[in-house]
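Protein chains: 2
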Amino acid sequence: MALTVPASSKRVPQPSAEWNGDSGCLVHNLRHKLRHAGLRPTRQRVGLGWLLFARGDRHVTAEMLYEEANRSRVPVSLATVYNTLHQFKEAGLLREVAVDGSRTYFDTNTGDHHHFYIENENQLRDIDGAHIEVGRLPDIPEGMEVSRVDVIVRLRRKIRP
Amino acid sequence: MALTVPASSKRVPQPSAEWNGDSGCLVHNLRHKLRHAGLRPTRQRVGLGWLLFARGDRHVTAEMLYEEANRSRVPVSLATVYNTLHQFKEAGLLREVAVDGSRTYFDTNTGDHHHFYIENENQLRDIDGAHIEVGRLPDIPEGMEVSRVDVIVRLRRKIRP
DNA sequence: ATCATTGCAAACGTTTTGCATTACA
DNA sequence: TGTAATGCAAAACGTTTGCAATGAT
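Which chain is which? The protein sequence lines are A and B, in order. Residue numbers are given in our numbering: position 27 of the first sequence equals residue 27, and the series is strictly consecutive. Plus 1000 on top of the position in the second sequence (first one is 1) and you've got our numbering.
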């Protein structure tokens, strides 16, 4: 801690205008959700949850969230960002999306939906589950069951618009 | 070179029974394909191509192919395996498949098809394009065009068979 | 006070790169 | 022979881990 926050004496409650950990119902819900998932609502988890869930559906990588946290004066280490993203995923608050072998994206939308992936821009966009339809599935191998069906519509910019 | 092959004097043509670079029509086709793609049919590229294309559809990672090459007495470095896989991909001989954030898979099947992905076993299996059907696509964003649609059916082993 | 959580730095596995050596055409 | 391709080792990259310090309950 004390990354960008001035080190102070002892137990000084956050006076910051950025996020005080207890101002809105979103934060209340989040703290509740975290407790329910067996996760202590610590400063870092609430801070990251606030960044993730307060502004609609998002697709973030660990690095992106880490930088955003730094900008937003949410003191957190990169290792904790990774840990937290995975804990949130286990808790069902996030979905992991694999579109590109190099980075891992996390999606705050955990509902029924799929993805556009803009190639060369590394950008993800949601496709509502109702706007796409996977007809006929193939036979599932013996002893297996479907965990999930992911559809990724890869897009590229048209050569001449 | 000379990784597992005994170092010899000069310009000894391969006496090996494993792959002599000019024995079958598959190799002929491959050499032709490579030339057509602007890739010199070097020993390593032909050797790797032979491993990749001579035994039906395959899903390999760089590491897997590297180890297989070593076992098959195709002397090649890991860096060259990576380079070659990407060159083959550019040439349209392979397709890159992103299912898991950590490793990159390459698929020798470049036709119309999708994939089963067996979670926890890191195993890929083809689904023929005719056995799956993506009905209704969503509206494509302005100025964009579809490069490809990937469907990944994630499977897990049933709890009780 | 206790124990989960955090931060740091170092380890990790995969992939890429720089450059001298090799080999195809 | 000239130039592309290769091998090696080292760097880069995203991610995970071990352990001492911290903080929530």
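Backbone N, C-alpha and C fix where the C-beta goes; we use that ideal spot for every residue, glycine too. Bear in mind the structure is a predicted one, so any value in this text is a computation, not a measurement.
Rounded straight-line distance, which links the Cα of residue j to that of residue i
{"i": "P138 (chain A)", "j": "H1131 (chain B)", "result": "5 Å"}
{"i": "A37 (chain A)", "j": "E1145 (chain B)", "result": "41 Å"}
{"i": "A62 (chain A)", "j": "N1122 (chain B)", "result": "23 Å"}
{"i": "N1029 (chain B)", "j": "D150 (chain A)", "result": "36 Å"}
{"i": "P1075 (chain B)", "j": "W1050 (chain B)", "result": "13 Å"}
{"i": "G21 (chain A)", "j": "R45 (chain A)", "result": "Interpretation of G21 (chain A) is limited by its pLDDT of 41, a score under 50 that renders its predicted location unreliable; the figure taken from the coordinates is listed afterwards. Using only the alpha carbons, I get a separation of about 10 Å."}
{"i": "F116 (chain A)", "j": "F1116 (chain B)", "result": "20 Å"}
{"i": "T84 (chain A)", "j": "R71 (chain A)", "result": "18 Å"}
{"i": "R148 (chain A)", "j": "V81 (chain A)", "result": "26 Å"}
{"i": "V97 (chain A)", "j": "I1152 (chain B)", "result": "12 Å"}
{"i": "L1124 (chain B)", "j": "H1114 (chain B)", "result": "10 Å"}
{"i": "M1064 (chain B)", "j": "K1033 (chain B)", "result": "23 Å"}
{"i": "G1163 (chain B)", "j": "L1048 (chain B)", "result": "An answer regarding residue 1163 (chain B) cannot be provided, because it is not within the stretch 1001 to 1161 covered by chain B."}
{"i": "F1088 (chain B)", "j": "R103 (chain A)", "result": "23 Å"}
{"i": "Y66 (chain A)", "j": "G1143 (chain B)", "result": "32 Å"}
{"i": "L155 (chain A)", "j": "T42 (chain A)", "result": "39 Å"}
{"i": "I127 (chain A)", "j": "R1073 (chain B)", "result": "48 Å"}
{"i": "R136 (chain A)", "j": "S1077 (chain B)", "result": "43 Å"}
{"i": "R40 (chain A)", "j": "H59 (chain A)", "result": "24 Å"}
{"i": "R1031 (chain B)", "j": "L1094 (chain B)", "result": "15 Å"}
{"i": "N120 (chain A)", "j": "R1160 (chain B)", "result": "43 Å"}
{"i": "E942 (chain B)", "j": "E68 (chain A)", "result": "The question about residue 942 (chain B) has no answer here: the residues shown for chain B are numbered 1001 through 1161."}
{"i": "P141 (chain A)", "j": "R157 (chain A)", "result": "37 Å"}
{"i": "I118 (chain A)", "j": "G1129 (chain B)", "result": "23 Å"}
{"i": "R1035 (chain B)", "j": "E1090 (chain B)", "result": "13 Å"}
{"i": "A1079 (chain B)", "j": "V27 (chain A)", "result": "49 Å"}
{"i": "T1112 (chain B)", "j": "D112 (chain A)", "result": "Checking the sequence, you will find Asp at residue 1112 (chain B) rather than Thr. Straight-line Cα distance between these residues: approximately 25 Å."}
{"i": "H244 (chain A)", "j": "V99 (chain A)", "result": "An answer regarding residue 244 (chain A) cannot be provided, because it is not within the stretch 1 to 161 covered by chain A."}
{"i": "G1101 (chain B)", "j": "G101 (chain A)", "result": "5 Å"}
DSSP bridge partner residues for residue i (one or two, in chain order)
{"i": "E1133 (chain B)", "result": "A:G135"}
{"i": "M144 (chain A)", "result": "B:R1157"}
{"i": "R103 (chain A)", "result": "DSSP output for R103 (chain A) lists no bridge partner at all."}
{"i": "Y1117 (chain B)", "result": "B:L1124 and B:R1154"}
{"i": "H1059 (chain B)", "result": "B:D1107"}
{"i": "V1149 (chain B)", "result": "A:V153"}
Host beta strand (DSSP E) of residue i (start-end)
{"i": "E96 (chain A)", "result": "R95 to V97"}
Residue i - containing alpha helix (DSSP H), residue span
{"i": "T80 (chain A)", "result": "L78 to E90"}
{"i": "V46 (chain A)", "result": "R43 to F53"}
The stretch 1090–1108 of chain B touching the stretch 1052–1071 of chain B, judged by at least three CB pairs closer than 8 Å: yes
Against chain A: residues of the stretch 1110–1136 of chain B by CB proximity under 8 Å: F1116, I1118, E1119, R1125, I1127, D1128, H1131, I1132, E1133, V1134, G1135 and R1136
Interface positions of the stretch 87–101 of chain A facing chain B (Cβ-Cβ less than 8 Å), listed along the chain: E96, A98, V99, D100 and G101
Interface positions of the stretch 1051–1075 of chain B facing chain A (Cβ-Cβ less than 8 Å), listed along the chain: Hits within the stretch: zero.
Selection of the stretch 1141–1155 of chain B by Cβ proximity to chain A, strictly under 8 Å: P1141, G1143, M1144, E1145, V1146, S1147, R1148, V1149, D1150, V1151, I1152, V1153, R1154 and L1155
Residues, ordered as in the chain, of the stretch 1036–1050 of chain B that lie near chain A by beta-carbon distance below 8 Å: none
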